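The listed protein sequences correspond, in order, to chains A and B.
Using my numbering, the letters of the first sequence correspond one by one to residues 1 to 77.
Using my numbering, the letters of the second sequence correspond one by one to residues 1 to 206.
All C-beta atoms, glycine included, are put in the ideal place defined by N, C-alpha and C.
These numbers come from a predicted model, not from an experiment.
Working notes, structure below.
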Amino acid sequence: MNERLKESLSALLDGEVNELELQRILTNENRQEVSSCWQRYHEVREWIQKDSSLRIKIDIRSSVMEVITKDEPPHKA
Amino acid sequence: MTNSRQFQDHLLRKSTDQLDQKLVSRVQKGDRAAFDLLLVKYQNRVASIVSRFVSNPEDIADLTQEVFIRVYRAIHSFRGDSAFYTWLFRIAINQAKSYLKKNKARVGYKDGEHAEQKISDKSNGFHTETPESLLSRSELAEGIENALAVMPAELSVALILREFDGLSYEEISKVMECPIGTVRSRIFRARELLDNTIKSLSDEVH
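Written out as structure tokens, the structure is:
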């Protein structure tokens, strides 16, 4: 399967393809490869979204507020 | 499913935009409590973005703090032409890039040089007790984490903005200041690198 088609499948996963591109994907002769790639991209998405260690947790609230409290309040120009 | 997710993303973004705009207007009038709400709402997301450029937890915290102080001091210049978070994320990326310039020797820049080889090296570093054993969830999660950590920041940031923050390609193009086609290509390349990582890890146990 060529890179162009794989990139189209990736964009389809994000709902970012037009009708023409969708048609090109759906009419591709290599159904098995298209399905397989489509499935793998979904698996990649699932892995990323369920891996909580990729989401950084941080608490800088007090340090930032301490700095900006010393600032003059911002005023719209 | 994709259309349903897109619709949910759209509704969520719309209500988020309206709330953010209200809070920003109040900050612009001098209300620091409104900024506090924005800070708490976005600090983890900004930290996730800057962590694509620097990996040391102290650098991530310092950089995230710098981003919010800069945003507060510049908030009068935000006109609301785009969503607040696209403006915020853009500042975070630019701040991270300039931070790297200043501290390049110390923190190292994920510039993509030999990134694919590094991902492959990391993947090959995985060991299983027996060839028959199944790839565990934690091994795969670690493999994906490693792959994201060593791939070029421009790829992982684009993917994270899409997968974690639900931004559209158009919004990501505004945040990353590049054409939509580049966003599409970066997300595709990031997915391919992760897919290859999963495949190589799976192959090792079969």
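Per-residue DSSP class, three states only, for residue i
i: D209 of chain B; result: Lying outside 1 to 206, the shown extent of chain B, residue 209 of chain B is not represented and no answer is given.
i: I172 of chain B; result: helix
i: N196 of chain B; result: helix
i: Y109 of chain B; result: Bear in mind that a pLDDT of 45 at Y109 of chain B, under 50, signals an unreliable position, so the number given afterwards is only what the model happens to contain. Of the three classes helix, strand and coil, the one that applies to Y109 of chain B here is coil, per DSSP.
i: M65 of chain A; result: helix
i: P179 of chain B; result: coil
i: F188 of chain B; result: helix
i: R55 of chain A; result: coil
i: S156 of chain B; result: helix
i: R79 of chain B; result: coil
i: L167 of chain B; result: coil
i: I60 of chain A; result: coil
i: K29 of chain B; result: coil
i: T16 of chain B; result: helix
Backbone CA spacing between residue i and residue j [nearest angstrom]
i: R24 of chain A; j: D195 of chain B; result: 23 Å
i: N56 of chain B; j: L88 of chain B; result: 22 Å
i: D71 of chain A; j: I60 of chain A; result: 17 Å
i: D81 of chain B; j: L193 of chain B; result: 35 Å
i: S156 of chain B; j: V46 of chain B; result: 14 Å
i: V44 of chain A; j: D20 of chain B; result: 31 Å
i: E154 of chain B; j: I68 of chain A; result: 30 Å
i: E142 of chain B; j: L201 of chain B; result: 11 Å
i: D36 of chain B; j: V24 of chain B; result: 11 Å
i: L146 of chain B; j: S185 of chain B; result: Sequence check: residue 146 of chain B is Asn here, not Leu. Each residue's Cα considered, the two are about 21 Å apart.
i: K6 of chain A; j: L161 of chain B; result: 20 Å
i: F68 of chain B; j: V34 of chain A; result: 44 Å
is_contact[residue i, chain A] using C-beta, thresh 7 Å
i: G80 of chain B; result: no
i: Q65 of chain B; result: yes
i: E177 of chain B; result: no
i: A149 of chain B; result: no
i: V40 of chain B; result: yes
i: K118 of chain B; result: Summary for K118 of chain B: the model assigns pLDDT 44, below 50, so the residue's position carries little reliability; its value from the coordinates is reported in the next sentence. For K118 of chain B, the answer is no, since every Cβ of chain A falls outside 7 Å of its Cβ.
i: E163 of chain B; result: yes
i: Y169 of chain B; result: yes
i: Y99 of chain B; result: no
i: S51 of chain B; result: yes
i: A96 of chain B; result: no
Buried/exposed call for residue i, threshold 16 Cβ in 10 Å
i: E66 of chain B; result: buried
i: E163 of chain B; result: buried
i: R4 of chain A; result: exposed
i: V40 of chain B; result: exposed
i: A74 of chain B; result: exposed
i: E19 of chain A; result: exposed
i: S77 of chain B; result: exposed
i: T64 of chain B; result: buried
i: R79 of chain B; result: exposed
i: P179 of chain B; result: exposed
i: L100 of chain B; result: buried
i: M151 of chain B; result: buried
i: A96 of chain B; result: buried
Chain B within 7 Å of residue i, Cβ atoms only
i: W38 of chain A; result: no
i: I48 of chain A; result: yes
i: S35 of chain A; result: no
i: I25 of chain A; result: no
i: E7 of chain A; result: yes
i: R61 of chain A; result: yes
i: R4 of chain A; result: no
i: E10 of chain A; result: Sequence check: residue 10 of chain A is Ser here, not Glu. S10 of chain A counts as touching chain B.
Within chain C, partners of residue i - CB distance below 9 Å
i: F35 of chain B; result: The question asks about chain C, but that chain is absent: this structure's protein chains are A and B.
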